[in-house]
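Note that numbering that gives the first Met the number 0 gives residue 252 to position 253 of the sequence shown, counting from 1, and the numbers run on in steps of one.
From the three backbone atoms N, C-alpha and C, an ideal C-beta is built for every residue, glycine too.
Note that the structure is predicted; figures quoted are calculated from it, not measured.
Accompanying notes for the structure given below.
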Amino acid sequence: MTDFVHPALLFILGALPIPFLNGSIRKAYLLLIPILAILTVLTMQSGSYGAASFIGQEILIAKVDKLSIVFATVFTIMALIGTVYALHLTRPGQHVAAFVYVGSALGVVFAGDYLTLYLFWEGMAFASAYLVFAQGGRQAIAAGFRYLMVHITGGVVLLGGVILYGLSTGSLLFGPIAGEMGVGAYLILAGFMLNAAVPPLNAWLTDAYPEATVTGAVFMSAFTTKTAVYVLARAFPGTELLVWLGTAMALYGVVYAVLENDCRRLLAYHIVSQVGYMVAGVGIGTEMAVNGATSHAFAHILYKALLFMGAGAVIYVTGRRKLTELGGLYKTMPVTVALYMVGAFAISAFPFFSGFVTKSMVVAAAGQDHRAVMVLALTMASAGTFLHTGLKLPYYMFFGTDRGLEAREPPRNMLVAMGMAAVLCIAIGVFPQPLYDLLPYPVNYEPYTGVHVTESLGVLMFTALGFVIFLRALDPENTISIDTDWFYRKGARVFMWIAGKPLARYEKAVSDVSETAVLPFLHGAARMGLRIDVTGVDAVVNGVARSILRGGGRLRRLQTGVVTHYALAMIAGVIAAAVVFAVVWR
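See the structure below:
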């Protein structure tokens, strides 16, 4: 691997010196690592690197092709933007966790075998969990433990699938799963879908992301679910199940966003919705669909990070995150409002913004595959996204009723990071060809046609009209939405009750019986066995030993060393043998 520098190592090993650096030196170092990683990815050559053998299996540390390069490119760009956004942090913990998180995501993207993939997969879970714990407080810590519980469970499922798949195929190399899918392949698919937040395996995302730190949530919005999209595109393209699950995701996230009052939880539900487009594209499996899923993942990382950075800036300066507590901030945070709206237009697929040239590719692929129901559902989900992320959230967070909050623009580094993401959202929308050139297959798609632009603007304007008409009905309420996390929250309580009551009582009853009946019997049996051993077995053994010793002593005395004695003994033996023979013969 002398001709290949793994970008994962740049981040993971690069995280080690961070605690020992301070001030401007630390800031410069934090920026240097992602810049080096970007240059490394851009100069990469396709090929396989780091081949080895382990437990009789072929291991491939890195496999580089167009699919891995496009994800690695946006991951390293996002690492730079996220690092800029977090430069004001004085404690090194979040920087270290973020670097390990990014490095682990890159390790997954380049993994050529399932063992390598699994190790980096688990690294992502533990590193990202720190970004939730770092927030502190009862809610964040509880959410962090639930996040770990879910991802460790998913990791066990994935590992079980890898083992079964390896036993059935004889190989651990990571690639498309062809032919009939066995139990191992389905377990691998389930492990991947959990990280993609496919309902009903999605509640960990909307539970943990709103509780993470302001900067940590930005990183988390970018890597875990999109890494899952990558592995699905790598291993399960054309899987019909993913078409319907992805379509359901797109609608599911939008519907739950209607109910949300927490600004970051609302954005988290729209992660579920937008990842649904990608999952559905992977499920269709055509070249255009996979290109659409990949390009939309690229665009989504940037505009979703921009939206989380905008919401995080509001939380940073006001300490509030519920829409019922916000409003009137456009006066004191005009730059934040403008940058946030760039992300809102991008996610809503406005012309000349990044979502327009990526999301529409998935919808067009569904149309080419004659999936009218899917096209309708994804179009509805797009309208719902604009309704809530592009209209409802900014209206109630920045405009609406002025709550008299004391606010100001966030630190300069946060605005710079938001500006970087905003520029890319517009640049991709205006000049999509550089992104199209990165995609795994040749692109034969033109987003800026009269029909497409007219249809998109029609849907968006109709949605805006509906927002104005039904504005009162969309007023946020200070309520809590029940999602599928209800089951494992309640299930955990039931488990603890079973462990604390019935099982504990059963264990106590068994212990009492053991102490009052079984143990005395065993002690008595042991004493009786000892008595038999001492008085019986040992007596017999010792008696036999003494007899042998006495017999040996007598035989030793017979050995006089006189030849005549031995001659007499031989003569006596011959006579005795003759007598015995004569008697037997008779």
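- Per DSSP, the beta-bridge partners of residue 56 are 53.
- Nearest to residue 191 by C-alpha distance, out of 217, 223, 219 and 172, is 223.
- With fewer than 16 other CB atoms across the displayed protein chains lying within 10 angstroms of its CB, residue 527 is exposed.
- Annotated three-state conformation of residue 61 is strand, per DSSP.
- The Cβ-Cβ distance between residue 406 and residue 338 does not fall below 8 Å.
- Scanning the segment 187-227 from its first residue to its last, the whole alpha helix (DSSP H) runs of 4-plus residues come out as 202-207.
- In terms of Cβ geometry, residue 371 and residue 285 do not form a close pair [threshold 8 Å].
- Here residue 513 carries a helix assignment [DSSP, helix/strand/coil].
- Residue 2 is classed as exposed because its beta carbon has fewer than 16 other beta carbons within 10 Å across all chains shown.
- Taking the Cα positions, residue 459 is about 28 Å away from residue 77.
- Runs of alpha helix (DSSP H) with 4 or more residues, each lying fully within the segment 327-353, are found at 333-346, listed in chain order.
- Counting the other Cβ atoms within 10 Å of the Cβ of residue 453 gives fewer than 16, which makes it exposed.
- Inter-segment contact for the segment 52-70 and the segment 192-211 is absent: fewer than three beta-carbon pairs are separated by less than 8 Å.
- As DSSP reads the structure, residue 505 sits in no beta bridge.
- Taking 3 residues as the shortest admissible run, the segment 115-164 contains no complete beta strand (DSSP E) segment at all.
- Excluding its 5 nearest sequence neighbours in each direction, residue 40 has C-beta neighbours in its own chain below 7 Å: 6, 68, 71, 72 and 75, listed in chain order.
- Residue range 92-109 is occupied by the alpha helix (DSSP H) that includes residue 94.
- Taking all protein chains in view, the Cβ of residue 448 is surrounded by fewer than 16 other Cβ atoms within 10 Å, so the residue is classified as exposed.
- Rounded to the nearest angstrom, the gap between the Cα atoms of residue 181 and residue 157 is 14 Å.
- Comparing C-alpha distances from residue 31 to each of 213, 13 and 47 shows the shortest one belongs to 13.
- Taken atom to atom, the span from the alpha-carbon of residue 220 to that of residue 423 is near 17 Å.
- CA-CA distance, residue 357 to residue 437, rounds to 13 Å.
- DSSP, reduced to helix, strand and coil, places residue 47 within a strand of the structure shown.
- Scanning its chain for C-beta atoms nearer than 7 Å, with the 5 sequence neighbours on each side dropped, one finds around residue 442 the residues 290 and 435, in chain order.
- Only residues of its own chain outside the window of five on either side were considered, and among them 286, 289 and 290 have a CB closer than 7 Å to the CB of residue 440, listed in chain order.
- Residue environment analysis places residue 59 among the buried positions, since at least 16 neighbouring C-beta atoms fall within 10 angstroms of its C-beta.
- Only residues of its own chain outside the window of five on either side were considered, and among them 235 have a CB closer than 7 Å to the CB of residue 188, listed in chain order.
- Secondary structure of residue 112 (DSSP, three-state): strand.
- In the DSSP annotation of this structure, residue 431 is not part of any alpha helix (DSSP H), being labelled neither H nor E.
- By the Cβ-count criterion, residue 569 is exposed, with fewer than 16 other Cβ atoms from all chains shown falling within 10 Å of its own Cβ.
- Contact check for residue 384 against residue 347 passes: the beta carbons are separated by less than 8 Å.
- For the pair of segments examined, the segment 157-167 was found not to touch the segment 237-256: the number of CB pairs separated by less than 8 Å stays below three.
- Residue 295: member of the alpha helix (DSSP H) spanning 286-317, first to last residue.
- Secondary structure note for residue 27: its alpha helix (DSSP H) is the uninterrupted segment 22-41.
- According to DSSP, residue 482 shares a beta bridge with no other residue.
- Contact annotation: the segment 313-328 does not touch the segment 293-305, with fewer than three C-beta pairs closer than 8 Å.
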